[in-house]
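Novice: Mapping of the sequence shown onto this note's numbering: position 203 corresponds to residue 186, and the numbering continues sequentially without gaps. Beta carbons: idealized from backbone N, C-alpha and C, even for Gly.
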Amino acid sequence: MHIFMSIASIMIYICLSLSSLLSYLFIKKKTRASKPRAKLPPGPMGWPYVGETLKLYSQDPNVFFATKQLRYGEIFKTHILGCPCVMLASPEAARFMLVTHAHLFKPTYPKSKERLIGPSALFFHQGEYHTQLRKLVKGSLSPETVRKLIPDIESIAMSALESWAHGHTINTFHEMKKLSFQVGILSIFGVLDSNYREKLNENYHIMNKGYNCFPTKIPGTAYQKALLARKRLNQIVGEIICERKEKKMAEKDLLGRLLKFKDENGQILTEDQIADNIIGVLFAAHDTTAAALTWILKYLHENRTLLEAVKAEQMAIREANIRGNKSLTWTQTRNMPLTFRVVLESLRMASIIAFVYREAIIDVQYKGYLIPKGWKVMPLLRNIHHNSEFFPHPHIFDPSRFEVGSSGISRWDSIWAIPSASTGTTSQILARSNQPVGRLELD
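1) So, with DSSP's three-state summary, where would you put R130?
2) Can you list, in chain order, the residues of its chain whose CB lies under 7 Å from that of G101, leaving out five sequence neighbours each side?
3) Once the 5 residues before and after S329 are set aside, which same chain residues still bring their CB inside 6 Å of it?
4) Taking the beta strand (DSSP E) that Y282 falls in, what are its first and last residues?
5) Whose C-alpha, out of F79, Y206, F106 and A292, is nearest the C-alpha of K440?
6) What does the alpha-carbon distance come out to for the pair G122 and G249?
7) Excluding the five sequence neighbours on either side, which residues of its own chain have a C-beta within less than 7 Å of the C-beta of N308, listed in chain order?
8) Can you give the Cα-Cα distance for H149 and H284, rounded to whole angstroms?
9) Among the candidates I379, P375, F385 and H368, whose CA atom is the shortest distance from the CA of P74?
10) Given a threshold of 16 other Cβ atoms within 10 Å of its Cβ, counted over all protein chains shown, does L53 qualify as buried or as exposed?
11) Once the 5 residues before and after V160 are set aside, which same chain residues still bring their CB inside 8 Å of it?
12) Spatial neighbours of E57 within its chain, please: CB distance less than 6 Å, with the 5 preceding and 5 following residues excluded, ordered by chain position.
13) Per the contact definition of three or more C-beta pairs closer than 8 Å, is the segment 341 to 358 in contact with the segment 160 to 174?
14) Tell me the DSSP bridge mates of E342?
15) Quick one: grab the DSSP three-state call for W395.
16) I need the DSSP call for M232, collapsed to helix, strand or coil.
17) Could you tell me whether the segment 315 to 333 touches the segment 27 to 36, using the rule of 3 or more Cβ pairs below 8 Å?
18) Y194 and L265 - do their beta-carbons sit closer together than 8 Å?
19) Below 8 Å on the Cβ atoms is my guess for F47 versus L37; work out the distance and round it to an integer in Å.
20) Do you know whose CA, among L87, V326 and S146, lies nearest H108's CA?
21) I need the DSSP call for V293, collapsed to helix, strand or coil.
22) Look at the Cβ atom of P362, then the Cβ atom of V339, and state whether they are nearer than 8 Å.
23) With DSSP collapsed to three states, give me the class of L242.
24) Touching or not, the segment 198 to 216 and the segment 175 to 187, by the rule of three or more beta carbon pairs under 8 Å?
25) What is the rounded straight-line gap between the Cα of S95 and the Cα of F197?
26) Going residue by residue through the segment 151 to 225, where are the continuous alpha helix (DSSP H) segments of at least 4 residues, counting only ones entirely within it?
27) Just reading off the alpha helix (DSSP H) that M70 is part of, what are its end residues?
28) Please return the same chain residues whose Cβ sits closer than 8 Å to the Cβ of A267, not counting the five positions on each side in sequence.
29) Among E254, E145, L216 and K208, which has the Cα closest to the Cα of K228?
30) Using beta-carbon positions only, say whether Q115 and D246 come within less than 8 Å of one another.
31) Less than 8 Å between the C-beta atoms of A85 and L353, yes or no?
32) Near K350, what residues of its chain come up, given a Cβ to Cβ distance below 6 Å and the 5 sequence neighbours on each side ignored?
33) For the beta strand (DSSP E) holding Y349, just list the boundary residues, first then last.
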């Protein structure tokens, strides 16, 4: 009798357990069914392996992406450069990826480029290492730091002007690259011995020349020369570090900040890590700043009335300084409203950084669409800057759209890849622009 009761109890227990399990599975399935599943963004993936890469290179990339945006909207997929990609073409989408949910994406670069810049450069990393080094870099370009560099930047610009004042034709972009490199060296190393400057300049430009070349180590190729130049750059930076340590110099430039850095475990950076981050910062700032200055001069040349107004603003500052026998000051760089608007509009029009590369580190959902883990994600900054919804008449150069209260720009959060007025970057551009714009005749 007891055996039968025990068996009955066991059967009741099993039935209840099965009932609970089935109820759970039913509820879970119903909940999952009621929850809308994310789908991939619209857009074709092209041919197997090749994707749409050939189509991209057979036409203007701006037209390629603009056509897709017009057809599929602010988020669409494609397959280019050997990777499945999700393209983002609105300020909200760009902010989602670059700001509010930046932790869900990581920077991604080809290995060939990573080898040249250096694997320890901060923009190849994420997490605590990236965060700490980013603070160091921002500190070296903070308003407080740049304020002290303004007279030196003015001196560099004056020297450049004097070298142009011999009646010969110059290559504007080439000269702006030289100017930007000198200011970059100043920001990173402070006042540096001319011998080191020349060595850094020579090897950096060899490396830069091979950066976008086919990555082969065959002797004599541009990429192989770039790799050798990169090794020499490490050696030069090592010599500078050794000299600074011997002289016990405690500078507040980027190199000084990197040398003083310690993580939460008291670990300092190795010389290779320091060199990688120095080259990375120089690379990130050099060509883009030179291109920005070149475009500023181009747009001013094409708008003669605006050029005269900017020259008048700059010459008023220049003449006041000559009378007072003083150099350009930080306060003066903050009081160039027209020049500042010209800088912003030039950056918007040129959109030097057309897009940036990121990779989803997990499956990400955005506006009902799935961005799969491992897919590349690219915000189309140039398309955003040339979108008439945010910038009326986007192909017209009109600095007045940046006037306070202007109706020429509908949303300030639509601006990307344009330095904030509160950062040192814009002041460096303004300081460098003061002399060329004030004195250079563009005929």
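Specialist: Taking the structure as given:
1) helix
2) A258, D259, I262 and G263
3) W278, I279 and Y282
4) Looking at the DSSP string, Y282 is not in any beta strand (DSSP E); the run it does join, the alpha helix (DSSP H), is E254 to E285.
5) Residue 440 cannot be examined here, being either before or after the span of the chain that is shown, -16 to 426.
6) 20 Å
7) none
8) Pairing H149 with H284, the inter-Cα distance amounts to about 20 Å.
9) It is H368 whose Cα lies nearest to the Cα of P74.
10) exposed
11) Residue 160 is actually Lys in this sequence, not Val. Excluding positions up to five away in sequence, the list reads H269, D270 and A273.
12) A72, S73 and A76
13) no
14) K89 and K359
15) Any reading at W395 must be qualified, since the residue scores a pLDDT of 48, below 50, and its modelled position is unreliable; no value is offered.
16) coil
17) no
18) no
19) Not quite, the Cβ-Cβ distance comes to about 11 Å (not below 8 Å), so this is no contact.
20) The residue with the shortest Cα to Cα distance from H108 is L87.
21) helix
22) yes
23) helix
24) yes
25) 9 Å
26) 155 to 172 and 177 to 193
27) From DSSP, M70 is part of no alpha helix (DSSP H) but of the beta strand (DSSP E) over C66 to L71.
28) F106
29) Considering only E254, E145, L216 and K208, the residue with the shortest C-alpha distance to K228 is E254.
30) yes
31) no
32) none
33) V347 to Y349
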